[in-house]
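**Student:**
Chains as they are written, first to last, in our numbering: chain A, 1 to 89; chain B, 1 to 595.
1. Between the segment 495-507 of chain B and chain A, which residues of the former have a C-beta closer than 7 angstroms to a C-beta of the latter?
2. Can you tell me which of the three DSSP states residue 395/B falls into?
3. At a Cβ threshold of 8 angstroms, is residue 62/A touching chain B?
4. Which one of 359/B, 361/B and 323/B has the shortest CA to CA distance from residue 343/B?
5. Give the DSSP-derived three-state secondary structure of residue 183/B in the structure shown.
6. Cα separation between residue 557/B and residue 406/B?
7. Residue 403/B lies in the beta strand (DSSP E); which residues open and close that run?
8. Of all the CB atoms in chain A, is at least one closer than 8 angstroms to the CB of residue 44/B?
9. Does DSSP put residue 564/B in a helix, in a strand, or in coil?
10. For the beta strand (DSSP E) containing residue 613/B, name the first residue and the last one.
11. By the criterion of Cβ-Cβ separation under 8 angstroms, what are the contact partners of residue 22/A in chain B?
12. Check distances from the C-beta atoms of the segment 39-68 of chain A to those of chain B and list, in chain order, the residues that come in under 9 angstroms.
13. Would you say the segment 416-423 of chain B touches the segment 8-26 of chain B, given that touching needs at least three Cβ pairs under 8 angstroms?
14. In or out: residue 308/B buried (at least 16 other Cβ within 10 Å) or exposed?
15. So, for residue 413/B: in the same chain, excluding its five sequence neighbours on each side, which residues have a beta-carbon less than 8 angstroms away from its beta-carbon?
16. Would a check of beta-carbon distances place residue 7/A closer than 8 angstroms to chain B?
17. Could you tell me which chain A residues have their CB closer than 7 angstroms to the CB of residue 216/B, listed as they occur along the chain?
18. In the DSSP assignment, the beta strand (DSSP E) including residue 169/B goes from what residue to what residue?
19. For residue 581/B, tell me which candidate among 69/B, 350/B, 37/B and 52/B has the shortest Cα-Cα distance.
20. Residues of chain A with CB closer than 7 angstroms to the CB of residue 185/B, please, in chain order.
21. In chain C, which residues lie less than 9 angstroms from residue 414/B when you measure between Cβ atoms?
22. Give a yes or no on whether the minimum CB-CB distance between residue 74/A and chain B is below 8 angstroms.
23. Relative to the alpha-carbon of residue 179/B, which residue among 166/B, 189/B and 533/B has its alpha-carbon at the smallest distance?
24. State the beta-bridge partners of residue 576/B as determined by DSSP.
25. CB residue 49/B to CB residue 141/B, shorter than 8 angstroms?
26. What residue does the beta strand (DSSP E) around residue 263/B start on, and which one ends it?
27. Would residue 48/B pass as an interface residue toward chain A - the criterion being a Cβ-Cβ separation below 8 angstroms?
28. With a Cβ-Cβ cutoff of 8 angstroms, do residue 233/B and residue 525/B count as a contact?
29. Just to confirm, are residue 5/B and residue 432/B a CB contact at a threshold of 8 angstroms?
30. For residue 159/B, I'd like the list of residues in its chain whose CB is within less than 6 angstroms of its CB, leaving aside the five on either flank, ordered along the chain.
31. Flag this pair as yes or no: are the beta carbons of residue 256/B and residue 326/B separated by less than 8 angstroms?
32. Could you tell me if residue 36/A is buried or exposed, where buried requires 16 or more neighbouring beta carbons within 10 angstroms of its beta carbon?
33. Where do the N-terminal and C-terminal ends of the alpha helix (DSSP H) with residue 53/A fall, by residue?
34. Residue range of the alpha helix (DSSP H) that residue 383/B falls in?
35. Quick one: what's residue 607/B bridged to in DSSP?
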């Protein structure tokens with residue numbers, strides 16, 4: 001079971017290698033903090049986001065666009081949380 | 001370790017713009033073509049190209065390929081080969097129109113023709129005034145281009161091997177290239193792709209620098225593989241830098257920020273550009289601004305705990321202006337610098353952007369090396385195109401929008417030449433040399449069993465910081481010499497990297513270690529070549545190159561109008577002359593590069 005999870009996470013991590021540096025950097029930080037606590041729901045949401053084209057995904061992560069999918073929206077929030085934006089206010 | 005062999009007519013490594021364009025050519029001709037790519041094709045770094053593709057279509061005003069050629073030669077600071085440059089500029093219209101036929105959604109004029117916009121360095125009438133030459137699809141040109149070409153490839157039955165890491169070039173005792181070894185990331189399986197034609201289109205290697213605009217995938221895999229197989233790397237000292245990348249992250253801050261009134265400041269809060277460029281100040285050209293920033297940092301006036309960046313200040317601008325005219329900047333500052341640029345200045349450094357050098361090729365896309373009586377002997381079965389190759393059309397400095405053109409023209413050219421070579425060769429595949437395959441297996445085995453070795457992440461970081469400090473945008477004799485030593489120490493650590501995770505499925509730790517094997521070859525090539533070239537030319541600027549009437553801006557045509565060739569074996573350098581004779585027109589004569 002643990003082996004399965006490791007393989008799934010490794011696959012997701014590789015799918016986080018993107019065409020745009022901006023996304024690489026965001027995902028890099030995300031994995032540093034969330035590798036151990038990503039649950040099945042989170043995995044599914046992340047996987048669906050990773051299917052997107054890079055410019056569209058960056059539009060969501062940078063807050064220029066929003067998604068209607070609540071699971072995706074939660075994941076986008078987590079991606080944005082790990083950025084230094086948390087230092088504000 | 002086990003491996004299997006798969007046979008193809010052609011194998012292409014890389015599915016960015018150049019790889020996809022080459023594949024179209026081969027598959028359309030009916031050849032069994034495999035494209036290996038470590039990420040899904042439309043996630044290649046070509047996606048990040050926004051500016052457009054240069055072609056003298058003349059849709060909005062008079063233009064022609066000869067003017068484009070002149071601009072490219074001048075931009076290259078005369079290091080570009082004039083035969084290849086003429087070839088590229090003459091082919092531009094053809095490849096752009098083809099792309100349109102593949103379904104590329106170019107922006108259009110009211111009359112239905114492709115819309116063209118001006119871009120830095122592109123002029124009419126041999127440098128007289130700016131001309132509209134760039135064809136774009138909004139700000140997603142690279143992305144749209146990849147989609148159009150990927151669809152075309154599906155139509156002509158190109159076989160994609162997605163999420164495969166190419167490992168080594170297979171070269172026999174006669175020096176012929178017979179394919180590559182590769183790893184399926186999903187299973188860890190090793191396969192030898194046995195082919196009559198091998199085309200490298202693996203992109204750039206900007207990750208050798210600490211501050212780079214390149215995505216993480218740009219690890220110079222093709223260059224590393226070529227170097228290990230005894231192929232030299234050409235003109236690797238020439239890297240294009242952008243003045244304002246976010247410090248520590250590399251994300252680009254557009255020139256538009258300074259255009260709107262942004263000011264660069266040092267640790268004393270001084271607007272230092274007033275000293276370096278009293279008239280243009282912060283709006284001076286890219287190289288002038290980058291050099292001034294580096295001087296401030298090197299002389300101890302940098303900011304932050306390590307005094308290693310300067311500040312880009314826009315806090316004096318009205319917030320409405322920033323949010324309206326520079327919408328992405330606020331978000332980038334927050335995301336990557338932890339800075340609200342409405343209230344605080346942004347930390348910036350000159351940032352590596354594009355690699356002008358690469359695997360030496362001629363304009364047919366054939367890889368050429370010194371051998372026999374020639375400095376440009378064709379390596380049979382081996383071709384390269386795009387950023388990983390050096391044709392050389394960019395010479396010492398690339399013009400904007402010429403990179404997308406390069407990958408279209410030379411991707412097609414490499415594919416076309418491979419098709420012709422395959423047509424002329426009815427013999428069976430040459431036998432695979434066991435020794436070449438064993439080298440890959442030994443490399444993997446070493447990595448799997450390394451004990452007390454070096455950490456991949458730390459070693460990569462040490463390499464990146466060394467390259468940034470010792471071979472950055474502005475170069476100093478002593479720093480370069482010390483950098484050569486330091487990089488060679490780091491190379492010894494790279495040879496002993498260790499991974500804890502030995503699993504087979506998508507083992508990213510193993511992939512990163514293998515990528516580092518490639519990056520270090522590029523780093524060595526860059527710093528050794530830069531250390532040896534004692535002049536300033538294009539993007540290679542040395543503090544110790546004297547600016548005299550014979551050597552304007554430190555350019556020494558008498559001794560250095562030549563291409564560098566770096567060999568992995570012995571860290572050795574060789575040189576070959578620049579091709580100053582074009583295909584059909586007169587030579588564009590040497591003169592000082594001034595705009």
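Note that the Cβ used here is the ideal one computed from N, Cα and C, for glycine as well.
**Tutor:** According to the structure data:
1. Result list: 503, 505, 506 and 507.
2. Taken through DSSP and simplified to helix, strand or coil, residue 395/B comes out as coil.
3. Taking Cβ atoms only, chain B reaches closer than 8 angstroms to residue 62/A, which makes this a yes.
4. Checked all of 359/B, 361/B and 323/B; the closest Cα to residue 343/B is 323/B.
5. If DSSP states are grouped into helix, strand and coil, residue 183/B belongs with the strands.
6. CA-CA distance, residue 557/B to residue 406/B, rounds to 26 angstroms.
7. Per DSSP, residue 403/B belongs to no beta strand (DSSP E); it is in the alpha helix (DSSP H), 402-423.
8. Closer than 8 angstroms to some Cβ of chain A, the Cβ of residue 44/B qualifies, so yes.
9. In this structure, residue 564/B counts as strand in the three-state DSSP scheme.
10. A question about residue 613/B goes unanswered here, because the residues of chain B that appear run from 1 up to 595.
11. Residue 22/A reaches chain B at 251, 332, 335 and 336, counting residues in chain order whose Cβ is nearer than 8 angstroms.
12. From the segment 39-68 of chain A, only 53, 54, 55, 61, 62, 63 and 64 have a Cβ closer than 9 angstroms to chain B.
13. With the cut-off at 8 angstroms, the segment 416-423 of chain B and the segment 8-26 of chain B touch.
14. With 16 or more Cβ atoms within 10 Å of its Cβ, residue 308/B is classed as buried.
15. Excluding residues within five positions, the ones whose Cβ falls inside 8 angstroms are 87, 91, 363, 364, 365 and 385.
16. Yes - at least one Cβ of chain B is within 8 angstroms of the one on residue 7/A.
17. The contacting residues are 17 and 24.
18. Here the beta strand (DSSP E) through residue 169/B covers 164-171.
19. The shortest C-alpha to C-alpha distance from residue 581/B to any of 69/B, 350/B, 37/B and 52/B is the one to 69/B.
20. By Cβ distance, chain A contributes 14.
21. In the structure shown, chain C cannot be found, because the protein chains are A and B.
22. Taking Cβ atoms only, chain B never reaches closer than 8 angstroms to residue 74/A, which makes this a no.
23. Of the candidates 166/B, 189/B and 533/B, the residue whose Cα lies closest to the Cα of residue 179/B is 166/B.
24. Looking at the DSSP output, residue 576/B bridges to 563/B.
25. Yes, Cβ-Cβ distance for residue 49/B and residue 141/B is below 8 angstroms.
26. 263-265 is the span of the beta strand (DSSP E), which, as asked, contains residue 263/B.
27. It does; some Cβ of chain A falls within 8 angstroms.
28. Closer than 8 angstroms, so yes.
29. Yes. Within cutoff.
30. A distance below 6 angstroms between beta-carbons, with the five flanking residues on each side excluded, links residue 159/B to the following residues of its chain, in chain order: 34.
31. Going by C-beta atoms, residue 256/B is nearer than 8 angstroms to residue 326/B.
32. Under this definition residue 36/A is an exposed residue.
33. In the DSSP annotation of this structure, residue 53/A is not part of any alpha helix (DSSP H), being labelled neither H nor E.
34. Premise fails: residue 383/B lies in the beta strand (DSSP E), 374-384, not in any alpha helix (DSSP H).
35. There is no way to answer for residue 607/B, as the model of chain B reaches only from 1 to 595.
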